[in-house]
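Mapping of the sequence shown onto my numbering: residues 200 to 1230, in sequence order.
Backbone N, C-alpha and C fix where the C-beta goes; we use that ideal spot for every residue, glycine too.
What you are looking at is a predicted structure, and each value in this text was computed from that prediction instead of being measured.
Remarks on the structure that follows.
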Amino acid sequence: MPRLLRLLPLLLLLSPLPASVAHAWQQRVEYTMEIALDVPAHSYDGKQTLRYTNNSPDTLREVFYHLYYEAFKPGSVMDRRNESLPDGHLHIGSLSTDEQGQVAIAAMTQDGLPVEWDVEETILRVRLAQPLLPGATTSLAMAWRTRIPKLTRRGGWMSREGVEFSMSQWYPKLCEYDASGWHNDEYAGREFYGVWGNFNVAITLPARYVVGATGTVMNPQEVRCGYQVEFPNNGRPSPSYHDTIIAEPAKGETGMKTWRFRAENVHDFAWVADPDYLHRIAQWNGITIHILVKRGIAFAWGNAAEYTIRSMEYFTRRFGEYTWPQFTIAMAGDGGMEYPMLIMITGNRGQQSLASVIAHELGHQWFYGMVGNNETQEAWMDEGFTQFLTEEAMRNVLFPLRTNPFTGLDAMIYPWDDHPWRDVESTYGLTIGGFIEPLSTFHDWHSDGLTAREVYFKGMAVVRMLRDMLGEDLFDHGIRTYVNRWRYRHPSYRDFEKAMEDATGMRLDWFFNQWVVQNKTCDYAIDAVGCQQATNGTWQTTVELSNRDHVVMPLDLQLHYDDGTTATANIPIEFWRKPGMDFNLPRWGWMERKYRATFATPKRVEKVVVDPSLSMLDLDRTNNTASTGFLANLLPESSVGWWTRWEYSQPLEKYAIRLRPTLWYAQADGVQPGFVADGGYIYDRYNAKAGLYYNVKSGRVDYDVRYNSTFGLLGQQSRVDLFATNNDGVQKWGFQLTKKLPMPTAAQYSPHTFRLAAEREVLVGPNYPNALAPWSGGPSNIISFGYQFATLQRLGNFFRTDLSFDASFASRIQSGGERQGEFTQWALQSQGAWRWLGLQFGGDLFAGTSVGDPPDQRLFNAAGARSIQMHQNPIHRLAMNARPGFGARNHLALPTEGYLLSLLSNGSAETHYGRSLLNGRITVGNLNPFASLISMPYLREFDVAAYAAAGWLFPGEVTFGGFRTLHAEAGVVASADILELLDELFLPSAIVAALDSPAPVRLSLYLPFWASSPLLPKEGVRYRFAIGVSL
């Protein structure tokens, strides 16, 4: 009985906790380290005594340490992993010896007894001299020397901004041992997992350095540099109290200085040092805030303390207290990185960026810092949570009034919105592309950097969905429960799930299983809405919905009444009912694909919207809105704008439509006014265009109707195009299917594209043909298919290569209603580009041949493109629709297949059109002599290249004799992007955008000053020119 009485306080303490917490155990450490920094050598000597308590039920006979700096050398795990990624960028293999990291262990003991150890990659394995029993504590001591790597990833010496030491993951760090065993994961570049405990660290370095670190400075009067400053109010001030003191570190200090820090209840320790730091000090709620920034940009950090205090107060109020005594923000590292009580961020930022990164890394003090999930396995639990906290702080307390940056004409042309869904836009793109990976994927195991970053954005989306599913009050209560329950512990997502269930009363395993463990997708749709008035004056509203994908979710509905007011309804999938709703509808069983509910409303419902907050990752919202009425749902809910370039920022919840008048001219048809409506849905889906054009002179009405979208029947990266056009004298109808072979990662370019097309073309214009572009009368029916192979590779820092191949085949079936003949064409084209010694080299090769009797518009053009291709270019189409005499003096070229532009000077199409063509071209670019002349900005926009081309043209059949007639030329070409030139001329960008011109629009002047060809009246060096406009 006395023993039970002694245990009673402990039992009472544990009784409110769930069993998973009450019986949890975790290891405990106490580090004591002495560091002597050798600044010129970028190295240090270290001594460490580690008291390790084994709280597990297991006997340990060996322990493991992380030696992170061993990763920063050629051939390391991180180097090999980086090289295996399609978007790897660290280039560790290029580090010189003094830039590489190294950790050399000199001696180790356990409780004074020598131990054996070995190092493999980034892991130190120590065989204990005596077993460590459950509940026992041992003392592990070591001495080592570390060569600090040049800052490449997170930590090291000399950042890009000149900060000398950003010391993260810098010491031999004991691996965590938990219920799953040892977590001796090799360091491949991503996240961490450490043992909870205390740190006592002494750092000796030259006295001129200012130091910031995890923990509290224990000798402030000795090191000074502002740490000795005390605030006027020594008590615990109210949450609204804050002040800022700027401390100028002492100048001219010599000799060495030892800084002593102590940190309690942390799982890592980091520090920074630089002699040029300015130290700003603030205080809020008894917490000291240290800001270390280099003097040169200190003015840009004037609001850093205010951003920190606003965010800290906001996070404390919503998610629980910050329980450490200090928080340090240091200009250091290579971006933004969190450590307990210390964050490292780069300094050159605008105010919104500075506020955002401070909020993000401060948020990590809750999720990663005080609640320490295993980042290597469940990175979304800190990054997703923290990204959510960041956006909540930015929208509520830091920059709540973000307004449209565009005004006037720009505001009409460029769409803008600040909806929270924009925060997770990348998640939609990767999911639609089929590249998204489960959040449960180990962080280092993601396929590439794009999918690895989804721990931030899909993780935030999951947290946001949970918030909107539960409601903010219950959600915040659940988060506070989780933080208080797991502070200074290592939870898993199942522990988070349990905390939220206990706080809300809702079962949530189905939610986390779908959004974290699995990789399912979501698409709900409203099929119909009806509303009939009842005899008692109320309205009977019926909603019919369907689940068109795999994810099952409760649904929020927004009901729009006919008087302009709204109401809310919820369709649950569990027994739990969402509080605060106007209508709680019957459950929708997870196994049911269809749902129908009828309920009474006080007013007539005109429209119903699924998930009005846009928080659910529904991949297609064109079906999320429905209205009553027979014709109301013929088109999806749309945003309509005049001249609006929706492709810059398409809405998620609506189809985007652009309206615009057009004006064109053709010599044969006169002035051509028109009107175009085009639209599309985000991520290049359901794109449609309808244009009508009236030709004043000829009286003909032209049209251009198109549709293209993804094509699910052929799987990922497949598209379908449908078109019916009558443009400037040529009528075409047809379809095309394209299929790219999917690549394993989003960062890789798919090299294989297959194409199948069928079209009908007929000449209806009054003024064809001319010498510029011959065209045969009568209709042609064409079937074609093609294959394209394209690669994009980057070799080192100075080389880039692109290579593409294309082959297509066609057959002429009917002409003029009667069979006039058939033809088959083959074309093979290759292109390459690479950089060397600052020059841009290019190579092009084209080979095409015809069998049978091709129409004139499909004859190969040795001085440009086939007529059928030129007709697709509006500038060239304008010239094609000119009087026949224009072609005789034509110098307009579109050299996509034929590179022998000197043939244009002959003025006759017979000299450069034929049934077969074989030619090639080599270019050497970046030759603009004005590129470095700042005083001549317009000339600077021109690219200048030298080129040489040669080939053979066969007007009829290909014969061996035809190869005796070689056409060759050499010259220069100057080209510029017209839109960039207009920008240089200070033409408003909105006007350029309103022109609806694709980018880039390149204007090129070709000067083939030397030519050799029997088809030319005069060979050798002469003045010749050609003009090209490519879109």
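I think Glu636 touches Asn718, with their Cβ atoms under 8 angstroms apart; what is that distance to the nearest whole Å? 7 angstroms
Find the nearest neighbour of Thr403 within the set Asp819, Gly535, Ser812, Ser242, judged by alpha-carbon distance. Ser242
I'd like the list of long-range same chain contacts for Phe1224, defined as Cβ closer than 7 angstroms, with 5 residues on each side in sequence excluded. His1090, Leu1204, Tyr1205, Leu1206
From Glu574, Asn783, Ile304, residue whose alpha carbon lies closest to that of Leu638: Glu574
Return the residue from the list Phe398, Glu577, Phe598 that minimises the CA-CA distance to Gln550. Phe598
Indicate the three-state DSSP secondary structure (helix, strand or coil) for Asp581 in the structure shown. helix
My output table needs one value for Tyr506: the three-state DSSP class, helix, strand or coil. helix
Under 8 angstroms, with one C-beta from each stretch per pair, do the stretch 702-710 and the stretch 615-624 reach the 3-pair mark? no
Could you pull the start and end residues of the beta strand (DSSP E) that Gln731 belongs to? 723-732
Enumerate in chain order the residues of its own chain whose CB-to-CB distance from Lys793 is below 6 angstroms, with the five nearest sequence positions on each side excluded. Ser745
Length of the line joining the Cα atoms of Leu249 and Arg666: 42 angstroms
Kindly indicate which residue of Gly985, Asp701, Gln915, Arg260 has the alpha-carbon position closest to the one of Leu1232. Residue coverage of the chain in this structure runs from 200 to 1230, which leaves residue 1232 outside it and unanswerable.
Give me the residue from Asp257, Met611, Thr765 with the minimum Cα distance to Arg844. Met611
Check the C-beta distance from Tyr392 over to Gln226 and give it rounded, since I have them as a contact under 8 angstroms. Incorrect: roughly 12 angstroms between the Cβ atoms, too far for contact.
Measure how close the beta-carbons of Gly977 and Ala956 come, nearest whole angstrom, since I'm counting them as under 8 angstroms. About 20 angstroms; that fails the 8 angstroms criterion.
Top-ranked residue by Cα proximity to Cys730, from Ala724, Thr741, Cys721: Thr741
Beta-carbon gap between Val422 and Val416 smaller than 8 angstroms: yes
Report the residue from Ser917, Lys931, Val870, Met357 whose alpha carbon sits nearest the alpha carbon of Leu940. Ser917
If you draw a straight line from the alpha carbon of Gln713 to that of Ile770, how long is it in whole angstroms? 18 angstroms
List the residues that DSSP assigns as beta-bridge partners of Pro524. Bridge partners of Pro524: none, in fact.
Please look up how many angstroms separate the CB atoms of Gly1047 and Leu1102, rounded, as I've assumed it's under 8 angstroms. Contact doesn't hold; Cβ gap of about 16 angstroms is too wide.
Helix, strand or coil at Val809 according to DSSP, with G and I counted as helix: strand
Give me the Cα-Cα distance between Asn823 and Cys721, rounded to the nearest whole angstrom. 12 angstroms
Those residues which DSSP pairs with Gly300 across a bridge: BP columns for Gly300 are empty, so no partner.
Below 8 angstroms between beta carbons: does that hold for Gly1119 and Phe1059? no
Which one of Leu921, Met1069, Ile725, Ala865 has the shortest CA to CA distance from Ala825? Ile725
Please report the distance separating the alpha-carbon of Arg688 from that of Arg280. 30 angstroms
What is the residue span of the alpha helix (DSSP H) that Leu649 lies within? 648-651
May I ask you to list the residues that DSSP assigns as paired with Tyr864? Val870
Verify whether the separation of the beta carbon atoms of Ser897 and Gly873 is less than 8 angstroms. no
Status (buried if at least 16 other CB within 10 Å, exposed otherwise) for Glu791: exposed
Find the nearest neighbour of Arg679 within the set Met569, Ser552, Tyr655, judged by alpha-carbon distance. Met569
Between which residues of its own chain and Phe1259 is the CB-CB distance below 6 angstroms, once the five residues before and five after are set aside? Beyond the ends of the chain as shown, which are 200 and 1230, falls residue 1259; an answer cannot be given.
Tell me which residues share the same chain as His177 and place their Cβ nearer than 6 angstroms to its Cβ, disregarding the 5 neighbours each side in the sequence. Outside the shown range of the chain, which is 200 to 1230, sits residue 177, and nothing can be said about it.
Could you compute how far the alpha carbon of Asn735 sits from the alpha carbon of Lys777? 28 angstroms
With 16 other Cβ atoms within 10 Å as the buried cut-off, status of Ser552: exposed
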